[in-house]
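Step one of this worksheet: look at the structure below.
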Amino acid sequence: MDLKGQSLLSFVCGFAVFVHITTADLSYSVPEEMRPGSIVGNIAKDLGLEVGKLFSRKARIDTEESYAHYCDVDLKTANVIIRERIDREELCGEKVSCMLKFELVLESPLELHRISLLIQDVNDNSPVFPKDTIKLEISESADKGARYRVNEAHDADIGQNTIKQYSLQKNEHFVLSVRDDADGSKNVELVLDKELDREKEHGLNFVMIAIDGGNPQRSGTANIHVTVLDANDNAPVFEQAYYKASLPENSALDTVVVSVSATDADEGVNGEVTYEFSRISERAKKVFSLNSKTGEIKVIGQVDFESNSKYEMRIDAKDGYGLSSDSKVMIEITDVNDNAPVIYMKSLMNPIAENVSPGTEVGIINVQDRDSENNGQVRCSIQQGVPFKLVPSIKNYYSLVTTGQLDRELVSDYNITITATDEGSPPLSSSKTVQLSVADINDNPPVFEEQSYSAYVTENNKPGSTLCSVTARDPDWRQNGTVIYSLLPGEVNGAPVSSYLSVNGDTGAMHAVRSFDYEQFRSFKVHVMARDNGSPPLSSNVTVSVFISDVNDNSPQILYPAPEGNSFMTELVPKAAHGGSLVSKVIAVDADSGQNAWLSYHIVKSTDPGLFTIGLHSGEIRTQRDISESDSMKQNLIVAVKDNGQPSLSATCSMYLLISDNLAEVPELKDISYDEKNSKLTSYLIIALVSVSTFFLTFIIIILGVRFCRRRKPRLLFDGAVAIPSAYLPPNYADVDGTGTLRSAYNYDAYLTTGSRTSDFKFVTSYNDNTLPADQTLRKSPSDFANVFGDCDKSPERSGTVVIHITVLDANDNVPVFSQAVYKASLPENSPLEVGIINVQDRDSENNGQVRCSIQQGVPFKLVPSIKNYYSLVTTGQLDRELVSDYNITITATDEGSPPLSSSKTVQLSVADVNDNPPVFEEQSYSAYVTENNKPGSALCSVTARDPDWRQNGTVIYSLLPGEVNGVPVSSYLSVNGDTGAIHAVRSFDYEQFRSFKVHVMARDNGSPPLSSNVTVSVFISDVNDNSPQIRNLAPEGNSFMTELVPKAAHGGSLVSKVIAVDADSGQNAWLSYHIVKSTDPGLFSVALHSGEIRTQRTHF
């Protein structure tokens, strides 16, 4: 009930609080009707606890009853405070002692302290009579001194505040007699002091007043109406002065509990007895009824032992003329096992980390059974097969603890069934399933599927080709199980391993960065690391062996005889050489390996095919038969050397063999120098020889000589700058499309004799231009060398030789060529300067082969020349994947020929994400508006943060930062959805307690390391008109009225009194207006609409 009166409020506020400590139990005593927020006591001081540890130990008030909401603990100050107004009469009724029992629960370790709160009575209830009017019928023949019992008044208060005295309005016939009964009640009787005379008065009216002992006193009144009748001598008499009955709870409706009976000795109407409750509580009225004719008390409501175990009431028996007597009835309710145990999860660590040690307390369970004695004794059990057990701690409390090591990778969730069974007959039980999730700890490093990996690649592979793929598994969850692959730093042949291989960080696929050459190295090893995204991250390594297989890409190289030179290789063969004699040996090597390097030697052409043979694998040249006189002195052999590759590659060389025993027999062979001076000297000697010969010839011979000269001038008279193919024929000298253009700038030396009758050359220009263009296609096969040297079989012709040197001039007919067909790479946005190496080749020579590279504009890259034809592609600025994630960079290579030739290549470059951007909230701060008395769980607002990073680096998780609101953790007021950022109310708010508060929300990404940002959310609570005005100076309720004296001489407009009221709401909800809703004389008084002042409207007459 509400506080009444300003003086009473002063009493409550000044009431001393009593506390004592006994065996870790606390007892407090407080008056009822204390304001919410009032301090009861300090548990830290009274129990010797540390205030700072109350929050971490989750201190809270708990109770078995339904009045847990009356008290709470302020974790900031350790004060026990009143949360809600306490009405002793509502809680305890007529009980002498009103004790609320609480339990203070502390965790880590679990402690339980019992708190008893004695609610002291405050005089906030006025006495109330059962009826406003008490009707009595008394015979006029009644004697003086006759007593007539009336029902006493009832005051809900107890002790000093209950009814202390009765008074009777002065009259000439009756006086009041009050005596105390043994059970503490009062017996109130009217005593006839003067005989009645029906002829004078048919009826009497007077007032009886009941006054309590409170301060200030309260009173209640009842009107007594006495009807004077004719003779009636006897009052009803109960068979028992005290009735006691026992009733099981949950009894059916209309069950007869007890029957009371009273008899009256009179006859007729005077002897008819009726029954009625003279004193009964409101609670009992809802459970029992009384038959006014038979006196049977029946059940009309729910009988619950746990709500009330005993009922007391008084019953009046009254005859037809008003004479009555009363009896007391006591009904005791017996307990039935009708309440199953109820399991409460008081605390739960969910989720629980998988690395907690055995014996760790996971949760606290409380089991309650409202039944009594054995029916309320409870045993708890837990299902089998889970690594948990229940450990009893304090009465009805159990700790749920681990019994073994948890492993999320084996079991990630537990549904633990707890069963509580009481000891009633039959026993009742209930179960509760506790859902417990095991939180992942980064306790497993990635494990590769194989202990080592081998990759096989053929040389001359294309850059970017896939070699193999490595795979590692991590059984952890989310980012703890996300595997990222990378190459460990190292070197291969002095170069970083990253210039040879790359690994895809997500898939583990390994790619070749460059083309490999088996002749440089045949195998190498790299180390790949698999790292998870946990904190701290765990990793493991694996070795990848790369084996390069050979490709037949190298032709045999002939070391002896020399394949090039200005003089031919000559070997002397003795004439007496027998068959099988070793003449010479061709020596060749092949850079390839295996069967690609197996060489075989073959004579492809010889002057006398049956004279010489060559060893297939040794290269040794031997005579097949004895040399005879008929064999030509000059023997020309062309030897081919082939490898065993597929397809086979070969090289050829020429060997010149002279059959002679000494050099004196050999015709003079002179090597004519290449330079122009020696060539001219030779020409002069030939001309001089011809001139001397003309003196010995006749005129006719001179004429013939002239003709001869006209026909054969090119053979005898020539410029030394001409080059004719020699005995060593390079493989690429064929004419291009029949235009007479030679492919390469090689020098060809040939030896021509003056006796040669055929030639592959035709001289068509003058002698002074120093050039001799080729008119016919040069033949690759050296089969025509017999013509060059002349017919050896014709003897005794003699000949001389001359060296013709041909220089093939380069034409700019080759565009620059990039070394790789595809350039494709990925690099993190925080990568170092150098991105990659570009190699460009141009087969032309001199200026035609000089190449300049350029890069397109508008990209943060440039080309830096390094060694010949190599360029480094480097960054010129910081890369940002959030701005540009892919680049297509066009590189152009241009030679310096005339006209210049060029080619282009596009480098496809992907920028990999790095967690370099924290989440950013869309607003600098947020405001949420909610009306008080909201429903728990209602949405207040939503916060949104954006992270431009990719994948897990850009995944945003929301959470509330730790904090307090009015000394309570912020998490007990609000919650935030980790995925969406939606903020919900956890409880209902009260504008009168606080009007606004602030919380801080953190947005964190899933990168490694994670980045975060915070934002402030202001919550504003708007008022709802949920509080009625409270009248301060006048009692708003009760059966007694307030009295104000108004002078008879008061004029119109005089101030009589003032009503003072307040409203806990705010704004227009607290704007009060005053109105007189009822008055004895409507025109006499008025009340001011807004001030509450009561004034006279006119003068009282």
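Everything in the sequence shown is counted per our numbering, starting at 114 for the first residue and increasing by one. Even for Gly, the Cβ is constructed at its ideal location relative to N, Cα and C. Owing to the predicted nature of the structure, the values given are computational and were not obtained by experimental measurement.
(message) Suppose the cutoff is 7 Å on Cβ atoms and the five residues either side in sequence are ignored; what does the same chain contact list for S1186 look like?
(response) Taking the sequence shown and counting its residues from 1, one reaches residue 1186 at position 1073. Beyond the five residues adjoining it in sequence on each side, S1186 comes within less than 7 Å, by CB distance, of L1202, H1203 in the same chain, given in chain order.
(request) Spatial neighbours of G1067 within its chain, please: CB distance less than 7 Å, with the 5 preceding and 5 following residues excluded, ordered by chain position. (result) Your numbering for residue 1067 matches position 954 in the sequence shown. Counting only Cβ-Cβ distances below 7 Å, and skipping sequence neighbours, we find D1060, P1061, D1118.
(message) Let me check understanding here. Comparing Cα to Cα, which of F974, F931, T720, I968 lies closest to K575?
(response) Working through the sequence shown from its first residue, we reach residue 575 at position 462. Closest option to K575, Cα to Cα, is F931.
(request) Kindly identify the DSSP beta-bridge partner or partners of F215. (result) Here residue 215 is taken as the residue at index 102 of the sequence shown, counted from 1. F215 is bridged to I228.
(message) Counting beta carbon pairs with one atom in the segment 600-607 and one in the segment 643-650, are three or more of them shorter than 8 Å?
(response) Contact fails between the segment 643-650 and the segment 600-607, because fewer than three Cβ pairs, one in each stretch, are under 8 Å apart.
(request) Give every residue of the same chain whose Cβ lies closer than 8 Å to the Cβ of S1016, excluding the five residues on either side of it in the sequence, and list them in chain order. (result) For this step, residue 1016 is matched to residue 903 along the sequence shown. Counting only Cβ-Cβ distances below 8 Å, and skipping sequence neighbours, we find V928, P929, V930, F931, T1005, A1006.
(message) Between L303 and N450, how many whole angstroms is the CB-CB distance? I'm expecting something under 8 Å.
(response) Counting from 1 along the sequence shown, the entry for residue 303 is found at position 190. Counting from 1 along the sequence shown, the entry for residue 450 is found at position 337. At roughly 50 Å, the Cβ-Cβ gap does not stay under 8 Å, so L303 and N450 are not in contact.
(message) Taking the alpha carbon of K398 as the reference point, which residue from T376, E425, A375, T407 has its own alpha carbon closest?
(response) Here residue 398 is taken as the residue at index 285 of the sequence shown, counted from 1. The shortest C-alpha to C-alpha distance from K398 to any of T376, E425, A375, T407 is the one to E425.
(message) The alpha helix (DSSP H) that contains L1053, what's its start and end?
(response) Against the sequence shown, residue 1053 aligns to sequence position 940. If you look at L1053, you'll find it isn't in any alpha helix (DSSP H); it sits in the beta strand (DSSP E) that goes 1052-1055.
(request) Using 10 angstroms around the beta-carbon of T135, count the other beta-carbons present and answer buried if the total reaches 16, otherwise exposed. (result) Here the question's residue 135 lines up with position 22 in the sequence shown. With a pLDDT of 33 at T135, under the threshold of 50, the modelled position of this residue cannot be trusted; read the value that follows with caution. Per the 10 Å Cβ criterion, exposed.
(request) Compare the C-alpha of I1070 against each of T1044, E207, G1120, A533 and name the closest. (result) Start at 1 with the first residue of the sequence shown, and residue 1070 comes out as number 957. Nearest Cα to I1070 within the set T1044, E207, G1120, A533: G1120.
(message) Quick check on M768: buried or exposed, where buried means 16 or more other Cβ atoms within 10 Å of its Cβ?
(response) Here residue 768 refers to the residue found at position 655 when the sequence shown is read from its first residue. Buried is the label assigned to M768, since at least 16 other Cβ atoms lie within 10 Å of its Cβ.
(request) Return helix, strand or coil for R201, following the three-state DSSP convention. (result) Counting from 1 along the sequence shown, the entry for residue 201 is found at position 88. For R201, the secondary structure class from DSSP, reduced to helix, strand or coil, is helix.
(message) Does G577 come out as helix, strand or coil in the three-state DSSP assignment?
(response) In the sequence shown, the residue the question calls residue 577 occupies position 464. Three-state result, G577: coil.
(request) Name, in chain order, the residues that DSSP records as bridge partners for E1077. (result) As a first step, residue 1077 is located in the sequence shown; it is residue number 964 there, counting from the start. In the DSSP secondary-structure assignment, E1077 is bridged to P1082.
(message) Run through the DSSP bridge pairs and tell me what M443 is partnered with.
(response) Translated into the one-based positions of the sequence shown, residue 443 becomes position 330. Its beta-bridge partners are K357, E425.
(request) Tell me, please, which residues DSSP counts as bridged to G498. (result) In the sequence shown, counting from the first residue as 1, residue 498 sits at position 385. In the DSSP output, where bridge partners are listed per residue, G498 has none listed.
(message) Considering only the alpha carbon of each residue, which of G272, V193, I324 lies closest to V291?
(response) As a first step, residue 291 is located in the sequence shown; it is residue number 178 there, counting from the start. Closest option to V291, Cα to Cα, is I324.
(request) Could you check how far apart the C-beta atoms of N487 and E536 are, in whole angstroms? I think they sit under 8 Å. (result) As a first step, residue 487 is located in the sequence shown; it is residue number 374 there, counting from the start. As a first step, residue 536 is located in the sequence shown; it is residue number 423 there, counting from the start. Their Cβ separation, rounded to whole angstroms, is 5 Å, which keeps N487 and E536 in contact under 8 Å.
(message) For G517 and S653, what's the separation of their Cα atoms in angstroms?
(response) By one-based count along the sequence shown, residue 517 stands at place 404. By one-based count along the sequence shown, residue 653 stands at place 540. Computed Cα separation, rounded: 28 Å.
(request) Report buried or exposed for V702, applying the criterion of at least 16 other Cβ atoms within 10 angstroms of its Cβ. (result) The residue given as residue 702 occupies position 589 in the sequence shown. The residue in question, V702, is exposed, as its Cβ has fewer than 16 Cβ neighbours within 10 Å.
(message) Please give me, in chain order, every unbroken run of the beta strand (DSSP E) with length at least 3 that falls completely inside the segment 150-181.
(response) Here the runs fully enclosed are 152-155, 173-175.
(message) Determine, for R396, whether the minimum Cβ-Cβ distance to residues of chain C falls below 9 Å.
(response) You won't find chain C in this structure, because it holds only one protein chain.
(request) Could you check the C-alpha separation between S460 and A172 for me, to the nearest Å? (result) The residue you call residue 460 lines up with position 347 of the sequence shown. The residue you call residue 172 lines up with position 59 of the sequence shown. Near 11 Å, if we compare the C-alpha coordinates of A172 and S460.
(message) Once the 5 residues before and after D138 are set aside, which same chain residues still bring their CB inside 8 Å of it?
(response) Residue 138 sits at position 25 when you count from the first residue of the sequence shown. Residues of the same chain with a CB within less than 8 Å of the CB of D138, apart from the 5 flanking positions on each side, are H226, R227, I228, S229 in chain order.
(message) Quick check on DSSP: helix, strand or coil for I740?
(response) Along the sequence shown, one-based indexing puts residue 740 at 627. The answer is coil: DSSP assigns I740 none of H, G, I, E or B.
(message) So for V382, helix, strand or coil by DSSP?
(response) As a first step, residue 382 is located in the sequence shown; it is residue number 269 there, counting from the start. Assignment of V382 by DSSP, reduced to helix, strand and coil, places it in the helix class.
(message) Rounded to the nearest angstrom, what separates P349 and D377 at their Cα positions?
(response) Here the question's residue 349 lines up with position 236 in the sequence shown. Here the question's residue 377 lines up with position 264 in the sequence shown. Using only the alpha carbons, I get a separation of about 4 Å.
(message) On the DSSP bridge list, what partners appear for Y457?
(response) To locate residue 457, count along the sequence shown from 1; it is residue 344. Beta-bridge partners assigned by DSSP to Y457: N479.
(request) May I have the straight-line CA-CA distance separating E163 from R427, to the nearest angstrom? (result) By 1-based counting over the sequence shown, the position of residue 163 is 50. By 1-based counting over the sequence shown, the position of residue 427 is 314. The straight-line gap from Cα to Cα measures roughly 54 Å.
(request) Please classify R591: does DSSP put it in a helix, a strand, or coil? (result) In the sequence shown, residue 591 corresponds to position 478, counting from 1. DSSP places R591 within a helical segment (H, G or I) once states are collapsed to three.
(message) Using the Cβ count rule (16 or more neighbours within 10 Å means buried), how would you classify P222?
(response) The residue given as residue 222 occupies position 109 in the sequence shown. Per the 10 Å Cβ criterion, exposed.
(request) Output the distance between the C-alpha atoms of V547 and N528, rounded to the nearest integer angstrom. (result) Locating residue 547 in the sequence shown gives position 434, where the first residue counts as 1. Locating residue 528 in the sequence shown gives position 415, where the first residue counts as 1. Each residue's alpha carbon lies about 6 Å from the other.
(message) Just to confirm, is the Cβ distance from V659 to Y598 under 9 Å?
(response) Counting from one through the sequence shown, the residue named residue 659 turns up at place 546. Counting from one through the sequence shown, the residue named residue 598 turns up at place 485. 9 Å or more divides the Cβ of V659 from the Cβ of Y598.
(request) Per DSSP, which residues does Q282 bridge with? Please list them. (result) As a working mapping, residue 282 is identified with position 169 in the sequence shown. Bridge partners of Q282: none, in fact.
(request) Could you tell me the distance, in whole angstroms, from the CA atom of K441 to the CA atom of K277? (result) Taking the first residue of the sequence shown as position 1, residue 441 is located at position 328. Taking the first residue of the sequence shown as position 1, residue 277 is located at position 164. In a straight line, the C-alpha of K441 is about 21 Å away from that of K277.
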